[in-house]
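*Asks:*
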Amino acid sequence: MPHEFSIGEVYMPSLLVAAALGLLAAVITSKLLNHYQLSKYFFYPPLVFMALTVLYTVLIGTFVIKV
Amino acid sequence: MAEFPSRRTKKSIKTALALVIAYGLALEFGWDKPQWAGIAVIFCSLATIGQSFTKSVYRMCGTLLAASMSLLLIALFPQERWLFMAGLSAFIGLCTYMMGPKQQYFWNVAGFVTAIICMKAGADPANAFHIAVLRTQETALGILVYSVISLLLWPASSGPAFIASVGDQISKQRELVIGVLQSVGQPEPTAQANYAPLQAQTVQAQAQLKQLLEAAQADTTKVKEHSAAWQSYSSLVFQLTEAVERLSHGFAELEKPAVAAQLPDLSDFISVIEQRFNAMEQMQQGNAPSAEPSQLTDWTPNPERLNALPHFQRAAIVIAYQRLATIDRLSHALLEQLAGITQFGPKPAAISPTKPPLTFDIDRGLSAAQVMLTLWIAWLAFIYIDALPSGTVLITVAGSVGMVCATAPQLPIRKLIAPLILSLTTTGLIYLWIMPRLSGFAELGALLFIATFAFCYLFDAPQQMLNRVYCLSMLVSITSVSNEQTYSFSLVASIALIFPILFLILLLTANVPFSPRPERAILRLLRRFFKSYHILVETPPPTGNFISTWLRRQVHNFHRNEVTALPAKMNAWAQALDTEYLTGTDKSQVMATLNSVQVLSDRMNELTELRLAGQTTEQETEIKADFAEWRDYSQTIIHHLSKDPTASDYQQVQDQLSAIQKNLETRMTEIAKHRAEHTTELKEVTTFYTRLGIYRGLSEALLNYTKQTDAINWTPWKEERFY
Chain A
31 MPHEFSIGEV YMPSLLVAAA LGLLAAVITS KLLNHYQLSK YFFYPPLVFM
81 ALTVLYTVLI GTFVIKV
Chain B
4 MAEFPSRRTK KSIKTALALV IAYGLALEFG WDKPQWAGIA VIFCSLATIG
54 QSFTKSVYRM CGTLLAASMS LLLIALFPQE RWLFMAGLSA FIGLCTYMMG
104 PKQQYFWNVA GFVTAIICMK AGADPANAFH IAVLRTQETA LGILVYSVIS
154 LLLWPASSGP AFIASVGDQI SKQRELVIGV LQSVGQPEPT AQANYAPLQA
204 QTVQAQAQLK QLLEAAQADT TKVKEHSAAW QSYSSLVFQL TEAVERLSHG
254 FAELEKPAVA AQLPDLSDFI SVIEQRFNAM EQMQQGNAPS AEPSQLTDWT
304 PNPERLNALP HFQRAAIVIA YQRLATIDRL SHALLEQLAG ITQFGPKPAA
354 ISPTKPPLTF DIDRGLSAAQ VMLTLWIAWL AFIYIDALPS GTVLITVAGS
404 VGMVCATAPQ LPIRKLIAPL ILSLTTTGLI YLWIMPRLSG FAELGALLFI
454 ATFAFCYLFD APQQMLNRVY CLSMLVSITS VSNEQTYSFS LVASIALIFP
504 ILFLILLLTA NVPFSPRPER AILRLLRRFF KSYHILVETP PPTGNFISTW
554 LRRQVHNFHR NEVTALPAKM NAWAQALDTE YLTGTDKSQV MATLNSVQVL
604 SDRMNELTEL RLAGQTTEQE TEIKADFAEW RDYSQTIIHH LSKDPTASDY
654 QQVQDQLSAI QKNLETRMTE IAKHRAEHTT ELKEVTTFYT RLGIYRGLSE
704 ALLNYTKQTD AINWTPWKEE RFY
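So the sequence lines, in the order shown, correspond to chains A and B.
Numbering follows the numbering used here, in which position 6 of the first sequence is assigned residue number 36; successive positions increment by one, without gaps.
Numbering follows the numbering used here, in which position 260 of the second sequence is assigned residue number 263; successive positions increment by one, without gaps.
(1) Measuring only between beta-carbons, confirm whether A/PHE93 sits less than 7 Å from chain B.
(2) Per DSSP, what are the beta-bridge partners of A/PRO43 in this structure?
(3) Is any beta-carbon of chain A found at less than 7 Å from that of B/PHE109?
(4) Give the single residue among B/LEU705, B/THR582 and B/ALA464 whose Cα lies nearest to the Cα of B/ARG10.
(5) In three-state terms, what does DSSP make of B/ALA445?
(6) Short of 8 Å in beta carbon distance, which residues of its chain neighbour B/ILE152, apart from the five on each side in sequence? Order them along the chain.
(7) Roughly how many angstroms separate the alpha carbons of B/GLN373 and B/THR12, rounded to a whole number?
(8) Per DSSP, what kind of secondary structure is B/ASP102 in: helix, strand or coil?
(9) Indicate whether B/SER426 and B/CYS474 have their beta-carbon atoms separated by less than 7 Å.
(10) At the level of alpha carbons, what is the spacing between B/PRO543 and B/SER230?
(11) To the nearest whole angstrom, what separates the beta carbons of B/GLN285 and B/SER297, a pair I think is in contact under 8 Å?
(12) Just how far apart, CA to CA, sit B/LEU156 and B/LEU74?
(13) Do B/LEU239 and B/ALA126 have their CB atoms nearer than 7 Å?
(14) With 16 other CB atoms within 10 Å as the buried threshold, where does B/PHE254 fall?
(15) If distances are taken between C-alpha atoms only, which option among B/ILE640, B/THR588 and B/THR649 comes closest to B/GLN659?
(16) Alpha carbon to alpha carbon, how far is A/SER36 from B/SER493?
(17) State yes or no: is the beta carbon of A/SER44 nearer than 7 Å to at least one beta carbon in chain B?
(18) At 7 Å on the CB atoms, spell out the chain A contacts of B/GLU722, in chain order.
(19) Below 7 Å on C-beta distance, what does B/TYR584 contact in chain A?
(20) Against A/VAL40, what residues of chain B qualify as contacts under a CB-to-CB distance less than 9 Å, listed in chain order?
(21) Quick one, are the C-beta atoms of B/LYS213 and B/SER237 less than 7 Å apart?
(22) What does a CB cutoff of less than 7 Å around B/GLN265 pick up in its chain, not counting 5 residues either side in sequence?
(23) Quick one: any contact between the segment 577-596 of chain B and the segment 532-541 of chain B, if contact means 3 or more CB pairs under 8 Å?
(24) Among the residues of its own chain, which have a CB less than 6 Å from the CB of B/LYS175, if the five just before and after it don't count?
(25) B/PRO296 by DSSP, collapsed to three states: which one?
(26) In angstroms with no decimal places, state the Cα-to-Cα distance between B/ALA291 and B/GLU339.
(27) So, do the segment 48-58 of chain B and the segment 159-169 of chain B have three or more beta carbon pairs nearer to each other than 8 Å?
(28) Does DSSP classify B/TRP717 as helix, strand or coil?
(29) Measuring CA to CA, which of B/MET607, B/ARG138, B/THR429 and B/MET375 is closest to B/CYS408?
(30) Hey, is B/ASN514's beta-carbon within less than 7 Å of any beta-carbon in chain A?
(31) What does B/PHE725 reach in chain A if we use C-beta pairs closer than 7 Å?
(32) Buried or exposed for A/VAL94, please, with buried defined as at least 16 other CB atoms from any protein chain shown within 10 angstroms of its CB.
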């Protein structure tokens, strides 16, 4: 059943929270990939970044937040 | 003794007071959207009356154009949303393209205000005229209020600041000119170390002078009276710095002992130049020059001493003489202009600055395309996504922020996030926690005054500009003061949600059509530079006034503009370069490479000027085939560089060019023996060696570029990474 997040009595859709966390996780992953010089193996990193954001959002939404 | 109250306190008080008065008047008149008057105050409040006035004029004229354009678009496409958006995005794209070096703010205002009026009035065409007029009159009110405040409260004219900037420019330029002249004939690394920081300071000082001149013309009668003379002065200052740069770029050719020994004694030259700068300094301070600066006489190379040298070294000497003569002429003209302005000498004729021909600028075209794409994505999101926060506000914000980001592509989007969070938090708290407890305009005015003063005072430094602009803009947007004040958390939340959506759109469009990574941008611009360079070397400039040459002239002007403008663009990108991810690259190596590109650009301009002059000598005709071999080889290298600017082999290029130059030298010696060269007219010799010197300079510059690029590890530049 869909539920909402309440931060200081401000209600937010759970997908928004999952997307924000997904974006944060994608940023951290991309920084790590840059640091360990692994990003050179990707053909087009901007698309990889988008894909990572979507993947993390889905994973966090499904297993952590349970959208 | 420190000034009390300090400059930033005065400026902050003036802005805060003007904002409160503008709000008070707009509310008193019963006008809707008083925040528009507040916005005008925020953006027109600058350090001096002249600067504020100039910016206000641009803002007002831009608003008038935007109001007219909005009404035209609404009248043309009242029921056709796609055509309406096509017209609006095309106009905003045009405004973005026009945001060049001149009237940048006017076009910026014209673009984003059109988006604001169209989005406000588009959904309510019956009130379109009212909204357009309201925006115009509120902008006028804000400008008027700030102008009155800045005239009455601690009025600061641009005149003293401008005169001080002239003094600063004279002192910096003197140091540069003398530093470079003292380095002539010295080993290059020593010479470069001497003048590189001075050059940067001089460029900054002359840019400041140009900026303040525009402001001082608006608020200082004395400057306005001599407007044409000051314009000529400013133009000469730029020309002198360029001439000094050209001389400094030829140091490598002059450092050989045999060449250095043939150079004239520069101590007299330096002394005369120093006298001129001293006289200018005295005149700028309002004093008559203590001594009349002496003149240089007989400034031509000695033909006999010239003949004692090999041909290429003769060419270097001829070029050096010409460059020194240019510095002499320009410094004398500067002195004359300043003497005329300060009335310590006769008024010389004003020099009309040479206008570069109008050509298409690819980068500005790309910026325009990016803004249009940003607008279209925002528009499609507005139409197709239900319950988009704040509706059309996303489009107006996309227009204004998109225009700024597109014209400053070196600014990464992530840099906008911290100022946004700060501004949203502070103004959100003011709006939700403090404002509901207030009653009456006295309390509201006090709050607005304190908040505006605090933001202006705390974020006064130029590097804090983003914080200041964001905080003040959010203050007027989020508080949304009106006579019937309401408070809603959803307003803050909606505005807060617009920005992540906008940043995602901007991240997307920043990658279209090219990556915004600085290293990629530099490589792309280098390719463009060498492509244009190749075309310019290959094709001489078209001459004649026939219609058939018009198109060829346009193409030539376009490539010449590319070669002239690209080094500065690459420098701007180099400032944003993050060497953390570029293993084996030092920033100083990149700057040295870009400096060699600048030298190439200068050499190409010299060659084009020479080709346009169209002088050829008998000697040139005789060694045409040898010249062609040399040119062809240079062209081959440039052609390779236009494909891959990093692929060059310094040793190979050096060996090949040396061999060609050696052949050329032998051929010229043979021809000279044959024709008993000493009988040739000095003028003809000079023309020939000028051309030879420029070609040689071009080869040397190319060689220097390959040397610099050899030192850089280009592999990480070409690898993909997240940005």
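Just so you know, even glycine gets a beta-carbon here, dropped at the ideal spot from N, CA and C.
It should be emphasised that the depicted structure is a prediction, and the values quoted were computed from it without experimental measurement.
*Replies:* According to the structure data:
(1) As a first step, residue 93 of chain A is located in the first sequence; it is residue number 63 there, counting from the start. With 7 Å as the cut-off, A/PHE93 does not count as an interface residue toward chain B.
(2) Here residue 43 of chain A corresponds to residue number 13 of the first sequence, with the count starting at 1. According to DSSP, which records beta bridges pairwise, A/PRO43 is partnered with A/GLU34.
(3) One-based indexing of the second sequence puts residue 109 of chain B at position 106. Chain A, which has no Cβ nearer than 7 Å to the Cβ of B/PHE109, makes this no.
(4) Walking along the second sequence from the start, residue 10 of chain B turns up at place 7. Per the Cα distances, B/ALA464.
(5) As a working note, residue 445 of chain B is residue 442 in the second sequence. Reduced to three states, the DSSP call for B/ALA445 is helix.
(6) Counting from 1 along the second sequence, the entry for residue 152 of chain B is found at position 149. Taken in chain order, the residues that qualify are LYS17, LEU20, ALA21 and ILE24.
(7) For the purposes of this step, residue 373 of chain B is taken as residue 370 along the second sequence, with counting starting at 1. For the purposes of this step, residue 12 of chain B is taken as residue 9 along the second sequence, with counting starting at 1. Whole-angstrom Cα-Cα distance: 39 Å.
(8) Residue numbering aside, residue 102 of chain B sits at position 99 when the second sequence is read from its first letter. Sequence check: residue 102 of chain B is Met here, not Asp. Three-state result, B/MET102: coil.
(9) Looking up residue 426 of chain B in the second sequence gives position 423. Looking up residue 474 of chain B in the second sequence gives position 471. Contact flag set, yes.
(10) Residue 543 of chain B sits at position 540 when you count from the first residue of the second sequence. Residue 230 of chain B sits at position 227 when you count from the first residue of the second sequence. Going from the Cα of B/PRO543 to the Cα of B/SER230 covers about 38 Å.
(11) Reading the second sequence from its first residue, position 282 is the one you call residue 285 of chain B. Reading the second sequence from its first residue, position 294 is the one you call residue 297 of chain B. Between B/SER297 and B/GLN285 the Cβ distance is about 16 Å, and since that is not below 8 Å, they are no contact.
(12) For this step, residue 156 of chain B is matched to residue 153 along the second sequence. For this step, residue 74 of chain B is matched to residue 71 along the second sequence. Straight-line Cα distance between these residues: approximately 38 Å.
(13) On the second sequence, residue 239 of chain B is found 236 positions in, with the first residue counted as 1. On the second sequence, residue 126 of chain B is found 123 positions in, with the first residue counted as 1. No, the Cβ-Cβ distance between B/LEU239 and B/ALA126 is not below 7 Å.
(14) As a working note, residue 254 of chain B is residue 251 in the second sequence. Classification of B/PHE254: buried, given that the 10 Å Cβ count is 16 or more.
(15) Taking the first residue of the second sequence as position 1, residue 659 of chain B is located at position 656. Nearest option by C-alpha distance: B/ILE640.
(16) On the first sequence, position 6 is the one that residue 36 of chain A refers to. On the second sequence, position 490 is the one that residue 493 of chain B refers to. Roughly 15 Å separates the two Cα atoms.
(17) For the purposes of this step, residue 44 of chain A is identified with residue 14 of the first sequence, where counting begins at 1. No, A/SER44 lies away from the interface with chain B (no Cβ there is under 7 Å from its Cβ).
(18) Numbered from 1 along the second sequence, position 719 holds the residue referred to as residue 722 of chain B. By Cβ distance, chain A contributes LYS70.
(19) Numbered from its first residue, the second sequence carries residue 584 of chain B at position 581. Simply ASN64.
(20) Sequence index remark: in the first sequence, residue 40 of chain A carries index 10 (1-based). Chain B residues near A/VAL40: PHE492 and ALA496.
(21) As a first step, residue 213 of chain B must be located in the second sequence, where it is residue number 210. As a first step, residue 237 of chain B must be located in the second sequence, where it is residue number 234. Yes, these two residues count as a Cβ contact at 7 Å.
(22) Position 262 of the second sequence, counted from the start, is the residue given in the question as residue 265 of chain B. Excluding sequence neighbours, B/GLN265 sits near ARG308, LEU312 and ILE320.
(23) no
(24) Within the second sequence, residue 175 of chain B is the residue found at index 172, counting from 1. If we look at B/LYS175 and ignore the five residues flanking it on each side, its Cβ neighbours are GLN204, THR205 and ALA208.
(25) Along the second sequence, one-based indexing puts residue 296 of chain B at 293. B/PRO296: coil per DSSP, three-state reduction.
(26) Indexing the second sequence from 1 puts residue 291 of chain B at position 288. Indexing the second sequence from 1 puts residue 339 of chain B at position 336. Straight-line Cα distance between these residues: approximately 13 Å.
(27) yes
(28) Residue mapping note: residue 717 of chain B aligns to position 714 of the second sequence, counting from 1. In the structure shown, B/TRP717 sits in coil (DSSP, three-state: anything other than H, G, I, E or B).
(29) Sequence index remark: in the second sequence, residue 408 of chain B carries index 405 (1-based). Looking at the Cα atoms, B/MET375 is the closest of the given residues.
(30) Your numbering for residue 514 of chain B matches position 511 in the second sequence. Yes, its Cβ sits closer than 7 Å to a Cβ of chain A.
(31) Taking the first residue of the second sequence as 1, we reach residue 725 of chain B at position 722. Those are SER60, LEU63, ASN64, SER69, PRO75 and PHE79, listed as they occur along chain A.
(32) Sequence index remark: in the first sequence, residue 94 of chain A carries index 64 (1-based). So A/VAL94 ends up on the exposed side.
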